[in-house]
Amino acid sequence: MRLSYPSSVKVVKVPCTGRVDVMLILRAFESGVDGVYIAGCMEGECHFLRGNLRARRRVEYAKVLLDEVGLGSGRLEMFNMSASQGQRFAEVAREMTERVRALGPSPARRSLVKGEPG
Amino acid sequence: MIVANRKSLEEILGMLGSCRKVLLLGCNECVTVCGSGGEREVAVLASELRLCAQKEGKEIEIREQTLERQCDYEYIDQVRSFAGDYEVILSMACGAGVQYVADTYRTKLVVPALDTTFIGVTLEQGVWSERCQGCGTCILDMTGGVCPIARCAKSLLNGPCGGSSGGKCEVDRETDCGWQLIIDRLQALGQMDRYEEIIPVKDWRSGRDGGPRRRVREDLKL
Numbered sequence: 001m002r003l004s005y006p007s008s009v010k011v012v013k014v015p016c017t018g019r020v021d022v023m024l025i026l027r028a029f030e031s032g033v034d035g036v037y038i039a040g041c042m043e044g045e046c047h048f049l050r051g052n053l054r055a056r057r058r059v060e061y062a063k064v065l066l067d068e069v070g071l072g073s074g075r076l077e078m079f080n081m082s083a084s085q086g087q088r089f090a091e092v093a094r095e096m097t098e099r100v101r102a103l104g105p106s107p108a109r110r111s112l113v114k115g116e117p118g
Numbered sequence: 119m120i121v122a123n124r125k126s127l128e129e130i131l132g133m134l135g136s137c138r139k140v141l142l143l144g145c146n147e148c149v150t151v152c153g154s155g156g157e158r159e160v161a162v163l164a165s166e167l168r169l170c171a172q173k174e175g176k177e178i179e180i181r182e183q184t185l186e187r188q189c190d191y192e193y194i195d196q197v198r199s200f201a202g203d204y205e206v207i208l209s210m211a212c213g214a215g216v217q218y219v220a221d222t223y224r225t226k227l228v229v230p231a232l233d234t235t236f237i238g239v240t241l242e243q244g245v246w247s248e249r250c251q252g253c254g255t256c257i258l259d260m261t262g263g264v265c266p267i268a269r270c271a272k273s274l275l276n277g278p279c280g281g282s283s284g285g286k287c288e289v290d291r292e293t294d295c296g297w298q299l300i301i302d303r304l305q306a307l308g309q310m311d312r313y314e315e316i317i318p319v320k321d322w323r324s325g326r327d328g329g330p331r332r333r334v335r336e337d338l339k340l
């Protein structure tokens, strides 16, 4: 389809979104990312039955933690799309990139990148 | 198991104050099962604390360590060689564990990351419910295996009270009336004659009213 999506999006492959643990998300923020989104299969169509539903709950929990820390839950989101929806994948990548760009750099990144204005 | 809730990050940060070297101590027993103070929760809290420090441009050193138990000296002693390297021990154990760690390292600041709540059971994955208040004199034989002390909001020994309606407690419509549960169970057991027996006034000296309790088994001593 030769669809393009923002080059700032780094894809981390997992066998199923059910593999996504809260710590995977928090570690990503610790390493300095500005936002994380989980792209899971459509609800009700998980090959492992409930992987994407579990992921959604974990994302909701991680959002609470991000609010608590002061990074803001807006930097994290869960999206559902099927493997055949390449168009949707690119659309979500752009949508999330725009959202995170509007939020600005992660407050946790400022101290990691020396010389970057706060 | 002993069930606990994790304190808010704000409260924990308040307790840590200006300490930048933290020994974060989890417990592998009850608080692991109820998802509040085991290895995973230690990792999550450590990550939150690091993110907070990063946000403020401050340094923080956190050592994550989860002990088999924090209510036994031999496990607490396992951190002795490096406990001195840290300004504070943040314990994710129940209140008993926190106190025993504090008692073991008397000159070290030890603070709790959890609010210990109750002795309970797992109703389903992620849901826990109170079942026992450790009153020291068990009467479950008389009440169909349902504890009126823990499960009746008023801890009535002869119930129910007028606040019982449709099997629910007036304190909270989601909460079962403890005495309704007792009656239902006695009926199922064919022991309703027990319900007619008046349970005498309880001697609370076996509970908390008698002061901190202690149990000794001479034959087990080394």
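Line by line, the protein sequences are chains P and U.
The numbering used here puts the first sequence at residues 1 to 118.
The numbering used here puts the second sequence at residues 119 to 340.
All residues carry an ideal CB built from backbone N, CA and C; glycine is no exception.
From a predicted model like this one, the values you see are computed outputs, not experimental measurements.
Give the single residue among P/G51, P/D21, P/D34 whose Cα lies nearest to the Cα of P/E98.
P/D34
Can you give me, in chain order, the residues of the stretch 63-76 of chain P that have a beta carbon less than 7 Å from any beta carbon in chain U?
Taken in chain order, the members of the stretch 63-76 of chain P whose beta-carbon sits within less than 7 Å of a beta-carbon on chain U are L65, E68, V69, G70, L71.
What are the partner residues of U/K286, as DSSP defines its beta bridges?
U/S283, U/D294
The stretch 54-72 of chain P / the stretch 165-180 of chain U touching (three or more Cβ pairs under 8 Å):
yes
Please state the DSSP three-state secondary structure of U/C148.
Assigned with DSSP and collapsed to three states, U/C148 falls in helix.
Do the stretch 15-35 of chain P and the stretch 55-63 of chain P meet, that is, are 3 or more Cβ pairs less than 8 Å apart?
yes
Return the chain-ordered list of same chain residues with a C-beta closer than 6 Å to the C-beta of U/A268, the five sequence neighbours on each side being excluded.
E248, R249, C250, Q251
Compute the Euclidean distance between the alpha carbons of U/V346 and U/V151, then round it to the nearest angstrom.
As shown, chain U starts at 119 and ends at 340. That puts residue 346 of chain U outside it, with no answer to give.
For the stretch 170-195 of chain U, which residues have a beta carbon sitting closer than 7 Å to at least one beta carbon of chain P?
C170, Q172, K173, G175
Closest Cβ-Cβ distance between U/L258 and chain P: below 8 Å?
no
Tell me which residue opens and which closes the alpha helix (DSSP H) that U/C199 is part of.
One detail in the question is off: residue 199 of chain U reads as Ser in this sequence, not Cys. Per DSSP, U/S199 belongs to the alpha helix (DSSP H) from 198-201.
Hey, would you say U/T184 sits closer than 8 Å to U/V206, going by beta carbons?
no
Can you tell me which residues form a DSSP beta bridge with P/F79?
P/A39
Against chain P, with Cβ distances strictly below 8 Å, would U/S209 count as a contact?
no
Going by beta carbon distance, what residues of the same chain come within less than 7 Å of U/S273, once the five residues before and after it are set aside?
P266, I267
At least three beta-carbon pairs within less than 8 Å, the stretch 130-138 of chain U to the stretch 203-221 of chain U
Taking a contact to require three or more Cβ pairs closer than 8 Å, the stretch 130-138 of chain U and the stretch 203-221 of chain U qualify as touching.
Inspect the beta-carbon positions of U/V219 and U/L143 and report whether they are closer than 8 Å.
Yes, these two residues count as a Cβ contact at 8 Å.
Which partner residues of U/L169 appear in the DSSP bridge assignment?
In the DSSP output, where bridge partners are listed per residue, U/L169 has none listed.
Tell me, please, which residues DSSP counts as bridged to U/W246.
U/T240
Could you tell me which chain U residues have their CB closer than 7 Å to the CB of P/F29, listed as they occur along the chain?
L169
Is it the case that the stretch 327-338 of chain U contacts the stretch 302-319 of chain U, given that we only count it when at least three CB pairs across the two stretches are under 8 Å?
no
In chain U, what lies closer than 8 Å to P/A108 by C-beta?
L169, Q172, K173
Residues in the same chain with beta-carbon distance under 6 Å from U/G296, minus the five sequence neighbours each way, listed in chain order, please.
The answer, listed in chain order, is P266, R269, C270.
Using the three-state DSSP reduction, which class does U/Q305 fall into: helix, strand or coil?
helix
Please report the distance separating the alpha-carbon of U/D259 from that of U/G284.
Near 25 Å, if we compare the C-alpha coordinates of U/G284 and U/D259.
Can you tell me where the beta strand (DSSP E) holding P/N52 begins and where it ends?
Where P/N52 is concerned, there is no enclosing beta strand (DSSP E), although the alpha helix (DSSP H) it sits in stretches over 51-69.
With DSSP as the reference, identify every bridge partner of U/V140, one or two as the case may be.
U/V140 is bridged to U/I180, U/V206.
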